Structure formats: structure tokens, C-alpha cells
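Those protein sequences? They're chains G and C, same order as listed.
For the first sequence, the residue numbers in my numbering are 4 to 329.
For the second sequence, the residue numbers in my numbering are 4 to 106.
C-beta atoms are modelled at their ideal positions from N, C-alpha and C, and glycine is treated no differently.
Computed from a predicted structure; not experimentally measured.
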Amino acid sequence: MDEILTLAGQNLLSPVILFFVLGLLAALARSDLSFPEAIAKGMSLYLLFAIGFKGGASVADYGADISLALAVMAGVGLSFVLPFAAFVLLKTLARGVSATDAAAVAGHYGSISIVTFVAATSLLSASGIAFEGYMVAVAAAMEAPAIVSALWLATRSGAGGKMDSDLWREILLNGSIVLLLGAFAIGWITGERGMTEIAPFIEAPFKGVLCLFLLDMGIVAGRGLRSARGVVTPGVLLFGLLMPLVGAAFGLVSGLALGLSVGGVAVLMTLSASASYIAVPAAMRVALPRANPALYLTLALGITFPFNLTLGIPLYMSIAQFLAGG
Amino acid sequence: MQMHDAKRVEVMIEAVMEKQIVRALEGTGVTGYTILPVLGGSGASGRWTREGNVSRAFSMIAVVCLIAPHRLDSLLEALFPVLDEHIGVVSVSDVRILRAERF
């Protein structure tokens, strides 16, 4: 318990988290602090490029074996399954939520938040805990399958849901996935030589850019919370705090079954606990336009994201150390 | 100078629907249109701004086209299924243009 509190304290006082809190408070206090859309997108592209490349270079360093394929398959499986758990939990905790809204929310919780992933890997690195470089590929693999499950849930509930070629393109070829996987492949191909060449660009400025990006995320989350009055009922709030723990439990069991390292288990728990707020909202706006965007954005970005960032990640790391560190 | 009647159709819609709107326009023979980013606003679905957002899910665009009056009905028929349940507004106004052969 002491260890969890120490880790949580260390995490809470890191610049990354404090900048997120600054953005959140600034938005709640109605400050005019904001980032132009192009800069926010630019920072997001930089982070995806850097983590993809570093993951690929790390795989080139340590070599890839069957464990990579198994971990990616487990990620795909988790992304397919988690929306069902999220759907049932949300409908149980908040009976007033419509099937369409519950399906859309479920899709977000089956998919992942890449910034939460980055925050977890930063904390792991700061604590000197190694993790498998291919977890970046697992993260990319977990982005899309949840959308299929969410649309199946929506269709089954009579809420409709369109799955056409445009949507498939939106899901499979969205910029984040292309850049993340592309950078991962280039990092893998070029290995240590490539890493040496671009390390000054992707290592030294990384934390600073992450701080700025989280400042922006804090502003967006705060703005969302401010305009979400009436959306967040006690049941919805409880779901936003409980679902990450349910997801993390799924990730824990899968990570242990795969025989991942302590860091790998913590990362898989974090991925399973996180909720998408970039790729899935765009897909849901196309496929399930009747679902309320205020509900899924507030849950994913306003409740679950801050929870994971502050308390969730240290908790998942401690549990992984306790159960996989033996 | 000789002026001609035309219709100005403005579609305010979610940015994620851009491809579908463009397909509807081109499918009805409208090859001239302008797509504008929208900074922010407020409507039935609440306030929104494009600032700080990394997901296209929360951005809006404005698609503007000038067409000959006889094209209007077929264009609106093609636009309706795209707009359907999405957040957005379509407005049509009467305008005067200089070179009718372009529309």
C-alpha cells in the first residue's frame, strides 16, 4: 500500500500531470488559455511519431518472436471483448442511458488512449521498469476492433449503426494508426542506426512536448466538463471510475497469461483501462450520429482519462509489480 | 452588366462527413464548391470550438456552392440522406452572379 501511495505521489507531482491539472483548472476557471487546432494536431503527430519509432527500434534491439504476434492478438481480442463489459456495466449503473449511447460509450472503452499509454510508459521509464517495445504495436491493434463491437451492440439493440467503406477507411487508415504503425515499422527496419540519427529529435524534446500536449488535453477536458452539466449522473460518474478498473483486470489476466514482463503487464493493464478520445469519437460521429457526443467525450476525456493519469497508472504498476514481479 | 439568378447552398456539418457531402455534390454534377473550416459556435447540440481538438469528431465545416436554380432540387435530395441524423444546417439563398455558364 505504501508503495502505491509513494508511486501515486511521485506521479501526481510529475510535470506531465501538473500541466494537465493546470489546463483543467484554467478551463474550469474560464481562462482564455488555448491551443490552435493545428498546434494540438502537430504535437499529437510528434508524439505518435516518437513513440512508434522508439517502439520499433526497441523491437529491432531485442528481437521479435512469437510473443509479439501473441500480444497483438491478445490486444485485438481485448478490444473486441471490452465493449461488451462496458455496455453491461453502463446499463447496470445508469439505467437512463439509451442503448445507442451505451454502445457508443462501450466502443470508446474497448479502444485505447495513446496519451495514457505514453504517460504510463514515461512513468515506467522514470521508475526504471522495462517493458516490451512491441507494446506500441499492441496499442495500435487495440484502436479499431472495439468500434466493430460497439456497432454490433448498437445494431442488436435496434439503434442502427452504419458500417460502410468510408467508415472502414476512417477506422483502419486514420492518421494516428498509419503514423504510429508506420513509425514503428521504420524504427524496426532502421534499428539502432536510425535511432542514433533521430534521437536528438525524439528523445530530448519528448517530455516537454508531452507536457504541452497534456496542458491542451486538460483544457479540452475542462471545457468538456464545464459544458457537460446534466450529462454526468452519479451512475455515469461511477461507470467512468469503475470501468478502467474492470478493463485493467482484463489486461492483467491477459498480460499474465502471455507471460509479459512487469512493465508489459502494467502497459497492457493501462491500455485496457483507457478510453479513446481521438479515433473512436470520429468513427462514432459517422456511424452512430444519434449517440450523444457529450456523454462519451465527458466520460473518456473528463473522467476516465484524469483518473488513469493520476491514480490508475500507479495502481496498475503496483499491481503488476506485485503479481508479475515474483 | 448582365446578371443571372443562382442559388447559394450552404451546408454546415460535422467535419467527419466531408467526404460524403463532397460525393453528394459531385454526384449531382456540382463540381464547383468551397469547403471552409469553422472556428466554433453554438447550436442545439451545445457549444463547440475547434481550438485544441485533435479529433476531427468535434470540428465543423461549412460547404458553400453556387448553382443554377434548376439543379437545386436534385442537390437537396442528394444531401438529405447524408445530413439525416447528423449535426448540421442547410440554407439556400437567392443570389445574383455574373457568369451563368459556370454554374
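- Below the 7 Å Cβ cutoff, chain C contributes 17, 19 and 60 as neighbours of residue 288 of chain G, in chain order.
- In the DSSP assignment, residue 40 of chain C forms a beta bridge with C/64.
- Between the alpha carbons of residue 144 of chain G and residue 93 of chain G lies a distance of about 24 Å.
- For the C-beta of residue 49 of chain C, the chain G residues within less than 7 Å are, from N- to C-terminus, 230 and 297.
- The shortest CA-to-CA distance from residue 93 of chain C to any of C/83, C/99, C/43 and C/39 is the one to C/83.
- Proximity of residue 104 of chain C to chain G, defined by a Cβ-Cβ separation below 8 Å, is not satisfied.
- Residue burial is scored here from C-beta neighbours: residue 325 of chain G has fewer than 16 other C-beta atoms within 10 angstroms and is therefore classed as exposed.
- As computed with DSSP, residue 98 of chain C is found in a beta bridge with C/9.
- Between the alpha carbons of residue 312 of chain G and residue 28 of chain G lies a gap of roughly 16 Å.
- The C-beta of residue 46 of chain C has fewer than 16 other C-beta atoms within 10 Å across all chains shown, which makes the residue exposed.
- A check of alpha carbon separations from residue 114 of chain G across G/308, G/317 and G/327 identifies G/308 as the nearest.
- Per DSSP, the beta bridge partners of residue 51 of chain C are C/44.
- In the displayed model, residue 15 of chain C falls within a strand according to three-state DSSP.
- Within the region 71 to 159 of chain G, the runs of alpha helix (DSSP H) at least 4 residues long that lie entirely inside it are, in chain order, 102 to 113, 117 to 129, 138 to 144 and 148 to 159.
- Neighbourhood of residue 44 of chain G in chain C, by CB distance below 8 Å: 57, in chain order.
- Three or more pairs of CB atoms, one per stretch, sit closer than 8 Å, so the region 125 to 138 of chain G contacts the region 74 to 81 of chain G.
- Look at residue 89 of chain C: its C-beta is under 8 Å from a C-beta on chain G.
- Residue state for residue 326 of chain G is assigned as helix, using DSSP reduced to three classes.
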